[in-house]
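My numbering applies: residue 1 is where the sequence shown begins, and numbers increase by one. For every residue, glycine included, the Cβ atom is placed at its ideal position computed from N, Cα and C. Encoded as structure tokens, the structure appears first; notes follow it.
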Amino acid sequence: MNFIFLGPPGAGKGSLAVKVAEDYKIPHISTGDIFRAAIKNQTPLGVKVKAIIDSGSLVSDEITCELVKDRLSQPDTKKGFILDGFPRTIPQAEMFTTICPDVTVINFQIADDVVIKRLSTRRVCKKCGANYNILTLPPKTEGVCDECGGELYQRDDDKQESILHRMDVYREQTEPLIDFYRKKGQIKDIDGATQTAQLLEEFKKLFPAE
Ligand code: AMP
1 MNFIFLGPPG AGKGSLAVKV AEDYKIPHIS TGDIFRAAIK NQTPLGVKVK AIIDSGSLVS
61 DEITCELVKD RLSQPDTKKG FILDGFPRTI PQAEMFTTIC PDVTVINFQI ADDVVIKRLS
121 TRRVCKKCGA NYNILTLPPK TEGVCDECGG ELYQRDDDKQ ESILHRMDVY REQTEPLIDF
181 YRKKGQIKDI DGATQTAQLL EEFKKLFPAE
């Protein structure tokens, strides 16, 4: 079971992916998470991509495709995987088709105003990466992760200016993928505004675990 979770930033891809990965026992591969870990660990890749990511622009196709190819060559992906945040451009999708033609694309549909509100109120754990929302999913103690006690912070790219830029980037570079995959008959639309728990139930009905 190979899935691509496609949708604008803040559409709920990551939240559903975490739950599906747990239930289906397949890895959740978020290119954004991989880049953020590289930045945190100050690896050569992290140093190279930090400014691009903070601004909300996209890392080059070349770097991103190499990273994904490498990750997908690992044995834990053999039974399936969820790609969250990849592909994000037509060249990335074309490359991915050559290495993995058999995939189902889940297209998260959501209105711009919901995305803006969600992203500007999102907080992330510095230590384990768990996501919170100060309005809809607050931690038990303000600023502290329920899971690991780590400090919560606001991603630089979740600040107003970057959010608007990321939405433009999505529209220009990623939205064309909807047509790309629709033409191939590989897409399933879902409502990103629905609560994650309900989306998970819908997902399980659509794709019963093997
Ligand atoms: P995300 O956590 O998916 O919102 O990704 C955070 C940032 O990482 C994006 O705004 C991009 O700068 C970078 N990024 C993640 N995935 C990709 C991708 N497939 N192609 C290019 N850049 C990416």
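Rounded to the nearest angstrom, the gap between the Cα atoms of L119 and G149 is 22 Å.
Not one heavy atom of the ligand AMP falls within 7 Å of the beta-carbon of G129.
In this structure, N133 lies near T121, with their beta-carbon atoms less than 8 Å apart. Sequence-distant Cβ neighbours of Y24 in its own chain, meaning closer than 6 Å and more than five residues away, are A209.
Straight-line spacing of the CA atoms in P44 and A37 works out to 12 Å. Between D84 and M167, the gap from beta carbon to beta carbon reaches 8 Å or more. Excluding sequence positions up to five before and after L200, its CB lies within less than 8 Å of the CB of L16, K19, V20, D23, all in the same chain and listed in chain order.
DSSP places R88 outside any beta strand (DSSP E), giving it a letter other than H or E. By the Cβ test, the stretch 41-57 is not in contact with the stretch 102-117, since fewer than three Cβ pairs between them sit closer than 8 Å.
According to the DSSP assignment, L16 belongs to the alpha helix (DSSP H) that extends over 13-24. For C65, the closest C-alpha among the options I34, Q42, L152, V47 is that of I34. The secondary-structure analysis by DSSP pairs H28 across a beta bridge with I82. With contacts defined by Cβ atoms closer than 8 Å, I190 and E175 do not form a contacting pair.
Not a single heavy atom of the ligand AMP lies less than 7 Å from the C-beta of V105. The shortest C-alpha to C-alpha distance from Q160 to any of M1, I4, G10 is the one to G10. Secondary structure at D158: helix, using DSSP grouped into helix, strand and coil.
A distance criterion of 7 Å places the beta-carbon of R166 in contact range of the ligand AMP, judged by its closest non-hydrogen atom.
The Cβ atoms of F5 and I163 lie no closer than 8 Å to each other. Between I26 and I82, the gap from beta carbon to beta carbon is short of 8 Å. Residue state for L67 is assigned as helix, using DSSP reduced to three classes. The DSSP-derived three-state label of E142 is coil.
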